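Peer 1: Chains as they are written, first to last, in my numbering: chain A, 51 to 304; chain B, 51 to 304; chain C, 51 to 304; chain D, 51 to 304; chain E, 51 to 304; chain F, 51 to 304. Ideal Cβ positions, reconstructed from N, Cα and C, are used throughout, including at glycine. The structure presented is a predicted model; accordingly, all values stated were derived computationally and were not measured.
There are 6 protein chains.
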Amino acid sequence: MARSDGRNDDQLREIKLTRGFQVWPAGSVLVEFGKTRVLCAASVTEGVPRWRKGSGLGWVTAEYAMLPSATNTRSDRESIKGRVGGRTHEISRLIGRSLRACIDLAALGENTIVIDCDVLQADGGTRTAAITGGYVALADAITWLGAAGRLADPQPLSCSVQAVSVGVVDGRIRLDLPYEEDARAEVDMNVVATDAGTIIEVQGTGEGATFTRSTLDRMLDLAMAGCADINALQLAALAQPYPGELPTPKVARP
Amino acid sequence: MARSDGRNDDQLREIKLTRGFQVWPAGSVLVEFGKTRVLCAASVTEGVPRWRKGSGLGWVTAEYAMLPSATNTRSDRESIKGRVGGRTHEISRLIGRSLRACIDLAALGENTIVIDCDVLQADGGTRTAAITGGYVALADAITWLGAAGRLADPQPLSCSVQAVSVGVVDGRIRLDLPYEEDARAEVDMNVVATDAGTIIEVQGTGEGATFTRSTLDRMLDLAMAGCADINALQLAALAQPYPGELPTPKVARP
Amino acid sequence: MARSDGRNDDQLREIKLTRGFQVWPAGSVLVEFGKTRVLCAASVTEGVPRWRKGSGLGWVTAEYAMLPSATNTRSDRESIKGRVGGRTHEISRLIGRSLRACIDLAALGENTIVIDCDVLQADGGTRTAAITGGYVALADAITWLGAAGRLADPQPLSCSVQAVSVGVVDGRIRLDLPYEEDARAEVDMNVVATDAGTIIEVQGTGEGATFTRSTLDRMLDLAMAGCADINALQLAALAQPYPGELPTPKVARP
Amino acid sequence: MARSDGRNDDQLREIKLTRGFQVWPAGSVLVEFGKTRVLCAASVTEGVPRWRKGSGLGWVTAEYAMLPSATNTRSDRESIKGRVGGRTHEISRLIGRSLRACIDLAALGENTIVIDCDVLQADGGTRTAAITGGYVALADAITWLGAAGRLADPQPLSCSVQAVSVGVVDGRIRLDLPYEEDARAEVDMNVVATDAGTIIEVQGTGEGATFTRSTLDRMLDLAMAGCADINALQLAALAQPYPGELPTPKVARP
Amino acid sequence: MARSDGRNDDQLREIKLTRGFQVWPAGSVLVEFGKTRVLCAASVTEGVPRWRKGSGLGWVTAEYAMLPSATNTRSDRESIKGRVGGRTHEISRLIGRSLRACIDLAALGENTIVIDCDVLQADGGTRTAAITGGYVALADAITWLGAAGRLADPQPLSCSVQAVSVGVVDGRIRLDLPYEEDARAEVDMNVVATDAGTIIEVQGTGEGATFTRSTLDRMLDLAMAGCADINALQLAALAQPYPGELPTPKVARP
Amino acid sequence: MARSDGRNDDQLREIKLTRGFQVWPAGSVLVEFGKTRVLCAASVTEGVPRWRKGSGLGWVTAEYAMLPSATNTRSDRESIKGRVGGRTHEISRLIGRSLRACIDLAALGENTIVIDCDVLQADGGTRTAAITGGYVALADAITWLGAAGRLADPQPLSCSVQAVSVGVVDGRIRLDLPYEEDARAEVDMNVVATDAGTIIEVQGTGEGATFTRSTLDRMLDLAMAGCADINALQLAALAQPYPGELPTPKVARP
């Protein structure tokens with residue numbers, strides 16, 4: 051049974067990474083996985099949260115959110131509901147954890163980088179797109195910090211980070227699910243990996259079904275291959291010169 | 051004294067209106083006033099809020115928000131603070147009131163249109179950009195409702211709506227203030243007008259200063275002329291065919 | 051068509067200003083515009099908010115609220131709803147902004163004055179009554195601070211502040227609308243002015259209608275004349291000696 | 051040791067009950083115990099809360115709050131803090147419970163009466179003043195309901211309700227404590243009683259001290275005598291004709 | 051008319067006190083009054099709340115809560131509702147006040163003890179059980195602080211504290227009401243007393259009824275006798291050696 | 051390097067399952083993994099949430115929380131903070147998802163079962179203990195529903211569910227980590243499995259480190275073996291007769 055968008059089971063959607071999308075943040079990347087579009091901005095703040103002061107270590111954290119108009123049916127604003135939902139919390143924590151895995155916080159020095167991942171349009175895989183684009187925005191922010199002479203150590207990034215979804219749909223193991231497949235998948239898995247071929251995070255869930263160990267193994271194979279392809283796209287994007295002039299005056303003092 | 055961006059005192063920034071920016075909402079417009087960029091999405095919901103049920107009247111409302119990364123210095127999320135701030139409330143109410151002035155809610159029938167105005171990048175005048183772009187998104191949503199045969203009456207829009215800021219900076223009356231001018235303006239005014247040359251809303255404030263009646267009159271002259279120019283740009287944008295296919299299946303049942 | 055309370059179109063309701071209404075705050079004024087009654091209290095706190103510390107500047111802010119029993123139909127408490135509504139926010143900000151326009155914050159020294167405006171009974175024009183009464187309470191608090199030797203400079207008030215509503219009702223331009231007129235006004239405007247005849251704030255809104263520039267001009271004429279009359283009443287009230295003894299021990303240390 | 055305001059240990063402060071203080075609620079009483087002033091408003095709503103619908107029984111509830119400017123040092127608004135504090139909750143529940151003790155909810159019919167007790171000025175004993183004034187406002191609201199032909203039964207009130215504080219200060223048992231005594235009392239007790247000499251509620255607390263059974267007995271004697279005196283004042287106030295015309299159109303439909 | 055559980059009117063339910071129920075807190079007691087089971091934990095924190103710093107005084111406070119599954123019909127979580135209810139607040143404050151009556155806060159030194167009272171199973175009298183068990187947990191925490199050499203003075207406890215409920219059910223005055231009696235009691239009273247036979251707190255309420263002074267007197271007699279019996283059980287429990295080893299490393303630095 | 055509690059790397063802590071811990075809920079199990087103790091209660095409500103009404107399907111959901119006194123250092127209550135934290139949300143969702151994987155919601159009929167998992171004492175692995183104990187409580191609730199004749203179909207449970215943690219500590223792969231190991235683990239993984247040897251959920255995270263595919267494979271081997279052992283303990287516990295009489299009257303009508 052063919053996929054509705056004509057892809058092979060092991061094929062990624064078209065992925066685009068547009069650096070310098072906004073003028074104020076130190077890094078700002080629009081990442082697209084097909085119709086899924088996430089704006090990833092890396093903002094630098096001088097200093098670190100109170101519980102970390104004087105440690106010599108920096109801090110990287112992430113906040114994920116969705117525009118009300120990003121989904122097929124409009125969703126309500128969390129600001130108006132007065133609280134952040136469980137799903138939002140969960141994804142924000144995943145992104146932050148994933149990006150901290152690639153950075154030496156001592157080399158960063160006592161700086162804080164917040165990665166805001168705002169979904170402008172959702173069509174499945176928003177969290178994996180956010181991690182993928184968030185890494186590129188983080189890399190640009192690190193370059194900016196280096197140029198400003200504010201790193202404790204020249205190269206705090208130890209690896210690159212990318213992520214992709216994989217799942218069982220119509221009984222077949224498929225890569226990079228759009229919303230239409232995700233909604234009826236029997237198993238759904240997200241894998242975060244590095245350019246060294248190692249794993250940062252694996253989250254696999256049976257949706258009203260369970261799955262065998264061998265299915266898990268085959269999903270992992272597919273996801274690791276997808277991550278390698280995504281890494282190549284990240285490398286290519288970062289090999290380009292920064293579009294426009296480097297952002298200038300944006301450092302908040304806490 | 052010249053303006054830092056080289057404009058004449060009575061000159062607008064470059065204004066762009068990009069329709070069809072998102073695929074799901076019935077209307078979706080990216081509006082740019084110079085570096086200020088606001089995503090205005092008009093989402094249609096079947097039915098009306100409870101207090102309006104059975105009235106035969108539709109409802110139009112607006113929600114304004116700012117991405118954390120939209121401002122020069124990153125701002126905190128209102129969802130995480132757990133409440134919507136006074137400024138956000140005030141602007142959301144202004145946009146909703148302004149757009150309701152141009153629509154016959156009986157002709158709309160018992161449909162609700164929510165205009166989400168999310169600021170992607172802020173450089174002054176975000177509320178006037180939001181009203182200007184929000185009108186275009188509303189017009190597209192009305193067209194979509196008409197095509198779907200869901201209007202009580204063929205043409206609910208009685209006029210077009212546009213807005214602009216004007217202020218006193220460096221002792222001079224200037225149109226369409228960017229952030230750098232807005233922050234040090236002595237008087238700040240926003241005017242919402244219609245293509246008939248009538249006024250929907252006037253809000254003028256002395257910022258740590260007061261102003262004379264004759265200053266008020268000259269600010270109004272400038273703003274009304276600016277609104278007429280903006281209306282021409284709205285007309286031109288709406289005269290183009292809808293980019294891509296019309297959005298399809300997005301109507302929520304409450 | 052006559053007004054339901056028999057007034058001429060350009061006539062104010064009976065306005066009363068009762069100073070010393072409460073014993074604890076440094077200034078406390080009950081202001082009445084007809085049946086509208088607002089208790090305006092000016093409380094002094096030593097020091098300023100954190101973001102202002104060490105600036106040598108004082109701070110004036112306002113909080114507006116309505117008793118549940120103040121309205122024709124009982125309204126719910128915002129404390130129980132757990133959040134302050136948009137209208138409340140908007141009016142609080144307007145009052146604070148208006149009163150800051152008349153005060154030299156350097157002369158005030160590092161003191162904070164909070165103007166609490168609590169509506170005891172509402173019959174239209176509560177925000178303009180609050181500004182009018184709030185100014186008198188502020189003036190009394192300044193006198194009290196002066197007597198206590200706590201001003202950086204003897205006279206921080208540069209002008210007096212007053213406000214009035216004006217609107218188009220039954221096709222006629224009328225001054226100082228009670229609730230019954232306000233609820234069906236086509237245009238509604240609030241003007242905040244000074245005893246120098248200058249303007250602090252103008253907010254005019256078409257309510258489901260738009261209005262012409264010449265209507266705006268005539269509304270402004272009527273409002274400015276009304277403000278001059280209100281100023282005379284403020285002067286007369288402040289010319290009286292303070293009723294009872296001066297309040298004593300109310301300064302909080304933050 | 052004499053009391054600072056010259057009263058005898060067993061003497062009440064001057065108590066005033068002003069009916070018809072507001073024009074909209076069905077009952078509205080300003081009660082004063084010396085400098086303590088509480089505005090008690092009884093608002094009638096058609097119908098009862100959902101959990102009571104169809105029971106044939108009415109409902110009486112109370113909400114207590116304090117203006118920020120009511121206390122010697124300004125207190126923060128609970129609406130801005132976003133939640134109602136423990137003390138506020140506790141007092142609201144006490145007032146509601148006390149007033150429900152005197153009313154036959156079947157005779158009331160499916161009507162809801164909310165007693166809002168807003169403290170305009172606090173000088174000790176605000177909860178006992180609120181119960182005392184709340185009863186008079188409730189009685190007026192019942193008369194109003196009777197006149198409107200909306201009672202299931204002609205006389206739902208079975209007794210009158212009044213309350214007073216008593217405490218041990220400077221080693222002496224004293225009646226009706228002002229703030230200055232309350233703040234340093236060793237024991238503090240509130241008693242709610244009826245005109246039949248029976249008790250509705252007793253709350254006695256050692257403040258950093260404990261007390262003997264005989265002290266408790268003597269405090270009860272003093273409080274019961276005080277309640278009898280307060281009852282006489284309530285009767286006298288209610289014996290007067292209603293000041294001004296009866297309130298008219300205030301019934302909300304839920 | 052006999053009690054449903056066969057007890058005499060003046061008889062307590064079976065009361066058990068299990069010390070050392072948890073391993074981390076300095077004191078941890080499971081208290082049972084029949085089917086009512088409350089886990090009382092006394093946690094020690096170094097230092098005191100900000101408003102108390104430098105005073106040389108310690109602080110004792112309590113927090114009461116109920117597991118959703120503790121009640122006959124499951125109750126909703128207050129964490130999910132987003133706010134603590136009035137009843138919870140009221141009981142937390144009562145427990146804290148009661149336990150502070152027995153402790154010399156200067157002797158405690160600048161340490162904070164939080165008494166968490168979590169109801170595992172509710173069958174009436176949870177607040178009196180919490181006070182009774184809370185005292186034993188507090189006593190163990192004091193012993194622990196003494197052993198750690200952190201008390202300013204060897205013995206800060208001046209008396210023991212216990213509590214019991216009493217009420218009028220079926221026209222009879224009864225001790226220690228289970229839920230089934232509590233729910234239909236005409237009068238309900240809680241008494242907190244000390245081993246010296248003095249009273250800390252009395253709270254008596256007519257539930258839709260009022261009561262005479264002589265009923266109040268007889269309820270007090272019964273409650274005081276009950277408290278004396280409970281005190282004997284507390285003494286016996288504390289006379290045992292601490293079960294297991296003393297808890298070790300749990301002191302938070304604020 | 052040996053484990054601090056003397057276990058082999060592939061050995062579980064002592065696991066106990068105490069059924070009938072509370073008297074009111076339909077199922078109530080105290081589960082212990084070493085010092086970790088979680089109270090799992092399954093409460094039955096008639097009917098389903100609104101969005102599910104009329105579907106013929108039942109609903110199972112879970113809520114996880116921690117007593118403040120459960121942790122080594124006391125933690126603050128989420129009810130007092132006013133919001134549920136991200137970690138709590140995440141675990142609640144995991145437990146609910148896991149238990150729904152084993153139940154046929156059509157067979158359950160329109161009943162709701164809430165699984166409350168309250169941690170009484172925490173020492174690592176609280177979420178896996180909660181899933182393990184939650185399954186047993188769910189099984190008891192299903193039996194209770196069957197006995198009450200309220201199931202649409204006799205046997206809605208299709209498999210049993212159990213969970214365990216596994217991680218890399220000191221460079222060694224170890225099963226069922228206590229807090230002391232969990233806090234310094236390089237990789238941390240939770241696996242939820244069924245008695246059929248299939249997987250419901252896998253969540254593996256590098257904590258400031260990444261891990262290879264072969265490490266992942268060996269962790270999975272260890273976890274699957276652990277789950278099989280836990281399943282045997284669940285079977286044994288459920289093979290016993292219900293302790294005490296079956297709970298009776300606890301069904302809420304929404």
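Just to confirm, is the Cβ distance from Gly-175/F to Phe-71/F under 7 angstroms?
Peer 2: Result no, Cβ atoms of Gly-175/F and Phe-71/F do not sit closer than 7 angstroms.
Peer 1: Run through chain C and tell me which residues come within less than 8 angstroms of Ile-130/D, C-beta to C-beta.
Peer 2: The answer, in chain order, is Glu-113, Val-134.
Peer 1: Please check if any C-beta of chain B sits within less than 7 angstroms of the C-beta of Thr-255/C.
Peer 2: True, the Cβ-Cβ gap to chain B drops below 7 angstroms.
Peer 1: Would you mind telling me which residues of chain F sit closer than 7 angstroms to Ala-91/E, beta carbon to beta carbon, in chain order?
Peer 2: The answer, in chain order, is Ser-119.
Peer 1: Starting from Met-239/B, follow its DSSP beta bridges and name the residues at the other end.
Peer 2: Met-239/B is bridged to Val-216/B, Gly-254/B.
Peer 1: For Trp-109/C, write down the residues that DSSP places opposite it in a beta bridge.
Peer 2: Bridge partners of Trp-109/C: Thr-162/C.
Peer 1: Please list, in chain order, the chain E residues whose beta carbon lies closer than 7 angstroms to that of Arg-102/D.
Peer 2: What Arg-102/D touches in chain E: nothing, since even the nearest Cβ is about 14 angstroms away.
Peer 1: Taking the alpha-carbon positions, what's the Glu-230/B to Ser-125/B distance?
Peer 2: The alpha-carbon atoms of Glu-230/B and Ser-125/B are separated by roughly 17 angstroms.
Peer 1: Is Phe-83/A close to chain F? Criterion is C-beta to C-beta, closer than 7 angstroms.
Peer 2: Cβ-Cβ to chain F under 7 angstroms: no for Phe-83/A.
Peer 1: I'd like to know whether the C-beta of Gln-171/A is nearer than 7 angstroms to at least one C-beta of chain B.
Peer 2: So yes, Gln-171/A belongs to the interface.
Peer 1: Which residue wins for smallest C-alpha separation from Ile-305/C, given the options Gly-294/C, Pro-228/C, Thr-178/C?
Peer 2: No answer is possible for residue 305/C: it lies beyond the span of chain C, which begins at 51 and ends at 304.
Peer 1: Compare the C-alpha of Leu-170/B against each of Pro-291/B, Ala-275/B, Thr-86/B and name the closest.
Peer 2: The candidate whose alpha carbon is nearest that of Leu-170/B is Thr-86/B.
Peer 1: Taking Cβ positions, are Glu-160/D and Val-98/D nearer each other than 7 angstroms?
Peer 2: Yes, they are a contact pair.
Peer 1: Of the residues Leu-107/F, Ser-119/F, Thr-111/F, which one's Cα is nearest the Cα of Gly-77/E?
Peer 2: The option with the nearest alpha carbon to Gly-77/E is Ser-119/F.
Peer 1: With 7 angstroms as the threshold, decide whether the Cβ of Ala-151/C is near any Cβ in chain B.
Peer 2: So, interface residue.
Peer 1: How big is the Cα-Cα spacing for Arg-69/D and Thr-265/D?
Peer 2: Between Arg-69/D and Thr-265/D, the C-alpha separation is close to 37 angstroms.
Peer 1: In terms of alpha-carbon separation, which member of Asp-60/C, Asn-58/C, Asp-279/C lies closest to Thr-182/C?
Peer 2: Checking every option, the nearest Cα to that of Thr-182/C belongs to Asp-279/C.
Peer 1: Which residues bound the beta strand (DSSP E) around Tyr-92/D?
Peer 2: The amino acid at residue 92/D is misidentified as Tyr; the sequence shows Ala. Looking at the DSSP string, the run of the beta strand (DSSP E) that includes Ala-92/D is 86-96.
Peer 1: CA-CA distance, Leu-80/F and Arg-63/D?
Peer 2: For Leu-80/F and Arg-63/D, the distance between alpha carbons rounds to 59 angstroms.
Peer 1: What are the uninterrupted segments assigned as alpha helix (DSSP H) that are 4 or more residues long and contained completely in the stretch 137-202 of chain A, given in chain order?
Peer 2: You should have 155-158, 176-197.
Peer 1: Is the separation between the beta-carbon of Pro-206/B and that of Ala-157/B shorter than 7 angstroms?
Peer 2: Contact flag set, yes.
Peer 1: Select from the stretch 154-188 of chain A all residues with a C-beta closer than 9 angstroms to any C-beta belonging to chain B, and list them in chain order.
Peer 2: Answer in chain order: Val-164, Asp-166, Asp-168, Leu-170, Gln-171, Ala-172, Asp-173.
Peer 1: Just how far apart, CA to CA, sit Phe-221/F and Ile-165/E?
Peer 2: A small correction: the amino acid at residue 221/F is Gly; Phe does not occupy that position in the sequence shown. Distance between the alpha carbons of Gly-221/F and Ile-165/E: 41 angstroms.
Peer 1: According to the Cβ coordinates, are Ser-93/A and Tyr-114/A closer than 7 angstroms?
Peer 2: Cβ atoms of Ser-93/A and Tyr-114/A: not closer than 7 angstroms.
Peer 1: Sort Gly-104/F, Arg-200/F, Arg-224/F, Leu-283/F by Cα distance to Arg-57/F and report the nearest one.
Peer 2: Nearest C-alpha to Arg-57/F: Arg-224/F.
Peer 1: Taking the C-alpha atoms as reference points, what is the distance between Gly-132/F and Glu-140/E?
Peer 2: One C-alpha to the other measures close to 17 angstroms.
Peer 1: Excluding the 5 residues preceding and the 5 following Gln-253/F in the sequence, name in chain order all residues of the same chain whose CB lies nearer than 6 angstroms to its CB.
Peer 2: Counting only Cβ-Cβ distances below 6 angstroms, and skipping sequence neighbours, we find Asn-240.
Peer 1: The beta strand (DSSP E) with Gly-77/B in it runs from where to where?
Peer 2: Element bounds for Gly-77/B: 77-83.
Peer 1: For a contact meaning CB atoms closer than 9 angstroms, what does Val-20/B contact in chain C?
Peer 2: This structure cannot settle anything about residue 20/B, because the visible part of chain B is limited to 51 through 304.
Peer 1: For Ala-273/B, which three-state DSSP category applies?
Peer 2: Ala-273/B: helix per DSSP, three-state reduction.
Peer 1: Out of Val-219/E, Thr-121/E, Ala-197/E, state which residue places its alpha-carbon closest to the alpha-carbon of Arg-53/E.
Peer 2: The candidate whose alpha carbon is nearest that of Arg-53/E is Val-219/E.
Peer 1: Return no unless some Cβ of chain F is closer than 7 angstroms to the Cβ of Arg-127/A.
Peer 2: No, no contact with chain F.
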